[in-house]
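Here is the structure we will look at, set down as structure tokens.
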Amino acid sequence: EGVDAIPISTAPIFHLGVPAILLGLLSFTLRSIRDRAAELLVYAVVVFVGLMGYYLIRQAFNGPDEAFAAVGTYLERGVITNALLIFGVALYFLDRQVNRQSLFACGVGAALIAIFRLGYFDYLTSSPLVAAHDVGTWPVLNALLLPYGLPVVWLTLLVQALRNRNRAELVPAVGGAALVSLFAWVSLGVRHYFQGPILNLPGVTSNEVYAYSAAWLVLGIALLVAGTAWKDKMVRFASLALMVLTVGKVFLYDARELEGLLRVASFFGLGLSLLGLSWFYTRYVFAREEPAPAAS
Numbered sequence: 036e037g038v039d040a041i042p043i044s045t046a047p048i049f050h051l052g053v054p055a056i057l058l059g060l061l062s063f064t065l066r067s068i069r070d071r072a073a074e075l076l077v078y079a080v081v082v083f084v085g086l087m088g089y090y091l092i093r094q095a096f097n098g099p100d101e102a103f104a105a106v107g108t109y110l111e112r113g114v115i116t117n118a119l120l121i122f123g124v125a126l127y128f129l130d131r132q133v134n135r136q137s138l139f140a141c142g143v144g145a146a147l148i149a150i151f152r153l154g155y156f157d158y159l160t161s162s163p164l165v166a167a168h169d170v171g172t173w174p175v176l177n178a179l180l181l182p183y184g185l186p187v188v189w190l191t192l193l194v195q196a197l198r199n200r201n202r203a204e205l206v207p208a209v210g211g212a213a214l215v216s217l218f219a220w221v222s223l224g225v226r227h228y229f230q231g232p233i234l235n236l237p238g239v240t241s242n243e244v245y246a247y248s249a250a251w252l253v254l255g256i257a258l259l260v261a262g263t264a265w266k267d268k269m270v271r272f273a274s275l276a277l278m279v280l281t282v283g284k285v286f287l288y289d290a291r292e293l294e295g296l297l298r299v300a301s302f303f304g305l306g307l308s309l310l311g312l313s314w315f316y317t318r319y320v321f322a323r324e325e326p327a328p329a330a331s
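Going by my numbering, the letters in the sequence shown line up with residues 36 to 331, in that order.
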């Protein structure tokens with residue numbers, strides 16, 4: 036029989052929501068107990084709520100009869116990914132109220148699943164640079180905001196959550212995903228400005244090439260300011276990497292049509308720029324704090 040014969044796919048609120056509510060009430064009554072059984076109840080509630088949300092999103096886009104038969108659309112995949120990230124953030128804030136390790140673990144799990152979806156779907160198989168997705172005509176409020184722009188917000192909140200829980204080993208993965216997503220959003224935004232709603236069209240104009248350099252330079256400066264203000268070494272290193280990438284692109288790619296003395300001057304400028312960047316970051320960004328003088 037078809038997918039519509041699966042009861043759970045036609046009534047997710049009843050088949051998944053009701054058990055989640057009942058298990059949640061039971062977990063609430065046992066909130067003072069910290070044994071493994073109580074934690075397993077919390078895991079069960081989270082799984083039921085997560086599955087219910089997934090079913091509801093699938094049904095909203097495809098209808099109850101095609102909830103699993105239909106291939107997810109570009110917009111639908113973005114909604115599911117953001118829902119997972121929001122779910123992870125919500126579980127973290129709930130954990131701060133009730134102090135349940137299982138809630139924090141489920142929040143991290145939801146975030147890691149969302150990061151996998153970002154990498155697999157939005158950067159590889161379903162990227163608007165690969166498939167002909169219509170991302171809309173508005174410059175910022177378009178379909179690129181959902182899979183690339185908004186995840187930066189949720190991932191940044193999760194980075195703070197990991198640091199507050201002293202889980203520094205997960206910060207590079209989550210923070211790196213936020214930085215990559217931000218870089219992709221800015222770069223695809225430039226592509227959208229010059230190409231319109233379909234981004235995988237062939238050809239790149241010289242103005243678009245120069246616009247990437249300008250956008251990356253502005254983004255690098257913004258990351259430098261943010262990393263310095265937040266005292267975040269990873270963001271500062273990301274700004275340095277982006278600055279070096281931009282400088283190299285300008286002198287090695289943007290100026291590739293230069294010849295003779297102009298080309299020599301471009302390489303001379305490249306060397307000076309890299310030396311200047313090295314001095315600036317060493318002097319003002321990565322300088323170690325001087326120890327306070329001992330009181331006499």
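By construction, the Cβ of each residue, glycine as well, lies at the ideal position given by its N, Cα and C atoms.
Since the structure is predicted, the reported quantities are computational estimates derived from the model, not experimental observations.
Backbone CA spacing between residue i and residue j [nearest angstrom]
i, j, result
"His50", "Leu275", "51 angstroms"
"Trp265", "Val239", "37 angstroms"
"Pro47", "Arg93", "11 angstroms"
"Ser241", "Val285", "12 angstroms"
"Pro54", "Leu190", "30 angstroms"
"Ala273", "Leu214", "8 angstroms"
"Val206", "Gly295", "47 angstroms"
"Leu147", "Gly123", "9 angstroms"
"Leu297", "Phe303", "10 angstroms"
"Val81", "Ile121", "13 angstroms"
"Val209", "Ala196", "11 angstroms"
"Asp267", "Val260", "10 angstroms"
"Tyr109", "Ser137", "32 angstroms"
"Phe139", "Glu204", "15 angstroms"
"Phe315", "Tyr288", "24 angstroms"
"Leu19", "Tyr245", "With the chain covering 36 to 331 only, the question about residue 19 has no answer from this structure."
"Leu176", "Thr64", "44 angstroms"
"Glu101", "Tyr90", "11 angstroms"
"His346", "Gln230", "With the chain running from 36 to 331 in the structure shown, residue 346 is simply not present."
"Ser313", "Tyr155", "35 angstroms"
"Cys141", "Val299", "56 angstroms"
"Asp70", "Ala125", "23 angstroms"
"Ala9", "Gly52", "Lying outside 36 to 331, the shown extent of the chain, residue 9 is not represented and no answer is given."
"Gly224", "Leu60", "46 angstroms"
"Val114", "Leu129", "22 angstroms"
"Asn97", "Pro163", "21 angstroms"
"Ile68", "Arg318", "53 angstroms"
"Phe243", "Gly107", "As written in the sequence, residue 243 is Glu, which differs from the Phe given in the question. One C-alpha to the other measures close to 31 angstroms."
"Val143", "Phe151", "12 angstroms"
First through last residue of the alpha helix (DSSP H) which encompasses residue i
i, result
"Val194", "Leu185 to Asn199"
"Asn177", "Unbroken run through Asn177: none, as it is neither H nor E."
"Tyr245", "Ser241 to Trp265"
"Thr160", "Premise fails: Thr160 is in no alpha helix (DSSP H) and is neither H nor E."
"Tyr228", "Val206 to Gln230"
"Val285", "Here Val285 belongs to no alpha helix (DSSP H), and DSSP marks it neither H nor E."
"Leu234", "Looking at the DSSP string, Leu234 is not in any alpha helix (DSSP H), and its letter there is neither H nor E."
"Gly311", "Leu296 to Phe315"
Residue i vs residue j beta-carbon contact at 8 angstroms
i, j, result
"Arg112", "Ser161", "yes"
"Leu179", "Val170", "yes"
"Leu57", "Leu76", "no"
"Pro182", "Tyr228", "no"
"Leu31", "Val270", "With the chain covering only 36 through 331, there is no way to say anything about residue 31."
"Leu305", "Val282", "yes"
"Leu153", "Ser216", "yes"
"Gly255", "Leu277", "yes"
"Ala219", "Tyr158", "yes"
"Thr172", "Pro99", "no"
"Ala79", "Thr116", "no"
"Ser301", "Ala290", "yes"
"Leu119", "Ala95", "no"
"Ser62", "Ala72", "no"
8 angstroms Cβ cutoff, residue i in contact with chain D
i, result
"Asp289", "Absent here is chain D; the protein component of the structure consists of one chain."
Task: alpha helix (DSSP H) runs contained entirely in the segment 94 to 142, provided each spans 4 or more residues - done: 109 to 133
Task: Stretch pair the segment 128 to 135 + the segment 81 to 89: three plus CB contacts closer than 8 angstroms - done: Too few Cβ pairs lie closer than 8 angstroms, so no.
Task: Length-filtered (4 minimum) alpha helix (DSSP H) runs lying within the segment 40 to 92 - done: The segment 40 to 92 contains these whole alpha helix (DSSP H) runs: 42 to 45 and 53 to 64.
Task: Given 8 angstroms, three or more beta-carbon pairs between the segment 240 to 255 and the segment 184 to 202 - done: no
Task: Given 8 angstroms, three or more beta-carbon pairs between the segment 228 to 237 and the segment 192 to 201 - done: no
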